[in-house]
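**Student:** Residue numbers (the UniProt record's numbering): 1 to 293.
1) How is residue 245 classed by DSSP in three states: helix, strand or coil?
2) Could you check whether residue 150 and residue 92 sit closer than 7 angstroms to each other, using their CB atoms as the reference points?
3) Is the CB-CB distance between residue 342 and residue 85 below 7 angstroms?
4) Got a sec? Which residues, its chain only, sit under 7 angstroms from residue 107 by beta carbon, not counting five neighbours each side?
5) Under 7 angstroms, do residue 153 and residue 87 count as touching if we go by C-beta distance?
6) For residue 112, which option in 77, 69 and 180 has the closest C-alpha, if you only look at C-alpha atoms?
7) Mind checking whether residue 46 and residue 15 have CB atoms under 7 angstroms apart?
8) For residue 17, I'd like the list of residues in its chain whose CB is within less than 7 angstroms of its CB, leaving aside the five on either flank, ordered along the chain.
9) Rounded to whole angstroms, what is the Cα-Cα separation between residue 82 and residue 38?
10) Along the chain, where does the beta strand (DSSP E) containing residue 115 start, and where does it finish?
11) Using a Cβ-Cβ cut-off of 7 angstroms (strictly less than) and excluding sequence neighbours within five positions of residue 4, which residues of its own chain qualify?
12) Quick one: Cα of residue 66 to Cα of residue 74, how far?
13) Between which two residues does the alpha helix (DSSP H) harbouring residue 50 extend?
14) Using a 10 Å radius around the Cβ and a threshold of 16 neighbouring Cβ atoms, would you call residue 11 buried or exposed?
15) Among 77, 36, 71 and 193, which has the Cα closest to the Cα of residue 57?
16) With H, G and I counted as helix, E and B as strand and the rest as coil, what does DSSP make of residue 74?
17) Once you ignore the five residues that flank residue 72 on each side, which residues in its own chain have a CB closer than 6 angstroms to its CB?
18) Take residue 147 and list the residues in its own chain whose beta-carbon comes closer than 6 angstroms to its own, dropping the five residues that flank it on each side.
19) Please name the residue, chosen from 194, 143 and 30, that lies closest to residue 171 on a Cα-to-Cα basis.
20) From 62, 103 and 173, pick the residue whose C-alpha is nearest to that of residue 30; which is it?
21) Taking C-beta to C-beta, are residue 195 and residue 125 nearer than 7 angstroms?
22) Which partner residues does residue 40 have in the DSSP bridge list?
23) Straight-line CA distance for residue 188 to residue 159?
24) What is the DSSP secondary structure of residue 253, counted as helix, strand or coil?
25) Does DSSP put residue 171 in a helix, in a strand, or in coil?
26) Tell me where the beta strand (DSSP E) around residue 129 begins and ends.
27) Would you kindly check if the distance between the Cβ of residue 23 and the Cβ of residue 123 is under 7 angstroms?
28) To the nearest angstrom, how far is it from the Cα of residue 43 to the Cα of residue 128?
29) Please classify residue 78 as buried or exposed, where buried requires at least 16 other C-beta atoms within 10 Å of its C-beta.
30) Please state if the CB of residue 101 and the CB of residue 32 are separated by a distance shorter than 7 angstroms.
31) For residue 179, name the three-state secondary structure that DSSP assigns.
Below you can see the structure in the form of structure tokens.
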């Protein structure tokens with residue numbers, strides 16, 4: 001590559017052959033030219049890596065892990081190898097429409113106060129689709145990970161992804177971004193997010209873990225000692241935290257009351273260091289939370 005790319009696009013793969021070719025081609029066929037495409041394979045054992053290795057495009061850089069690191073550590077390593085000023089994420093198996101990169105670059109270049117941009121997303125789940133907008137109560141910060149582009153300098157300024165997170169890593173990163181930069185989005189469907197059978201959406205255990213890490217990410221991004229004082233709007237709280245236990249809704253205020261700050265920190269630390277949880281209250285709450293469907 002003669003010229004340094006302006007955009008680095010990053011995708012992580014682990015055992016996801018479905019829709020692989022069309023997903024990668026949707027990036028390689030972008031109408032924007034000045035990009036590199038970094039893909040890491042997180043030690044797949046189902047033939048995914050072999051399919052990835054078939055691509056010979058000079059813009060594509062394939063990284064093969066010698067062990068399964070998990071998505072967060074994998075993307076941290078991948079971003080450390082990025083040469084572009086902008087980082088664009090593209091989810092494994094998803095589709096970026098041809099003008100996605102062009103329009104997101106234009107928005108960032110034309111609006112110097114912006115640090116991160118998204119777009120409208122077509123969510124496809126079990127053959128049904130709906131349009132997802134990042135705008136909640138007039139604020140364009142309800143992004144998901146796959147469709148965003150952000151400044152690499154901003155990424156390093158906030159400390160990048162936190163390796164603590166198995167899921168929900170972008171919630172924490174996004175919250176840090178929003179503290180010091182404005183957000184925006186292209187009011188056009190530029191991304192198709194496809195939900196797969198082995199994804200978080202269709203796995204109750206993964207959904208439980210995801211909800212826990214999302215809550216943790218929001219908490220760790222605040223300076224308060226009380227979850228009652230989180231400075232995010234009620235609609236976001238309901239979207240993130242209203243959960244079903246045996247078919248009944250758990251009120252977010254009650255959720256916060258049970259998941260109080262000091263106990264959350266204690267649980268986070270014990271989880272992080274793989275220690276046994278002796279606190280009876282936490283055990284009971286964890287059993288309750290694990291029944292989320």
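Ideal Cβ placement from N, Cα and C applies to all residues, glycine included.
**Tutor:** In terms of the structure at hand:
1) A caution first: residue 245 carries a pLDDT of 37, below 50, which makes its placement in the model unreliable, though a value can still be read off. In this structure, residue 245 counts as strand in the three-state DSSP scheme.
2) Cβ atoms of residue 92 and residue 150: not closer than 7 angstroms.
3) Any question about residue 342 goes unanswered here, given that the chain covers just 1 to 293.
4) Counting only Cβ-Cβ distances below 7 angstroms, and skipping sequence neighbours, we find 114, 117, 184 and 186.
5) No.
6) For the residues 77, 69 and 180, the minimum Cα distance to residue 112 belongs to 180.
7) In this structure, residue 15 lies closer than 7 angstroms to residue 46 by Cβ.
8) Taken in chain order, the residues that qualify are 46, 47, 48 and 51.
9) About 8 angstroms.
10) Here the beta strand (DSSP E) through residue 115 covers 114-125.
11) The beta carbon of residue 4 is closer than 7 angstroms to those of 83 in its chain, skipping five residues each way along the sequence.
12) So the alpha carbons of these two residues sit roughly 11 angstroms apart.
13) Run containing residue 50: 48-52, per the alpha helix (DSSP H) assignment.
14) Classification of residue 11: buried, given that the 10 Å Cβ count is 16 or more.
15) Comparing Cα-Cα distances from residue 57 to each of 77, 36, 71 and 193, the minimum goes to 36.
16) In the structure shown, residue 74 falls within a helical segment according to DSSP collapsed to helix, strand and coil.
17) If we look at residue 72 and ignore the five residues flanking it on each side, its Cβ neighbours are 161, 163, 165 and 169.
18) These residues qualify, in order along the chain: 118, 119, 121 and 191.
19) Closest option to residue 171, Cα to Cα, is 143.
20) The candidate whose alpha carbon is nearest that of residue 30 is 103.
21) Cβ distance < 7 angstroms, so residue 195 and residue 125 count as in contact.
22) Answer is 12 and 63.
23) Roughly 30 angstroms between the two C-alpha positions.
24) Summary for residue 253: the model assigns pLDDT 44, below 50, so the residue's position carries little reliability, and this model does not support an answer.
25) If DSSP states are grouped into helix, strand and coil, residue 171 belongs with the helices.
26) Looking at the DSSP string, the run of the beta strand (DSSP E) that includes residue 129 is 128-132.
27) Contact flag unset, no.
28) Cα to Cα, residue 43 sits roughly 31 angstroms from residue 128.
29) Buried is the call here.
30) Residue 101 is positioned such that its CB atom lies closer than 7 angstroms to that of residue 32.
31) Helix at residue 179.
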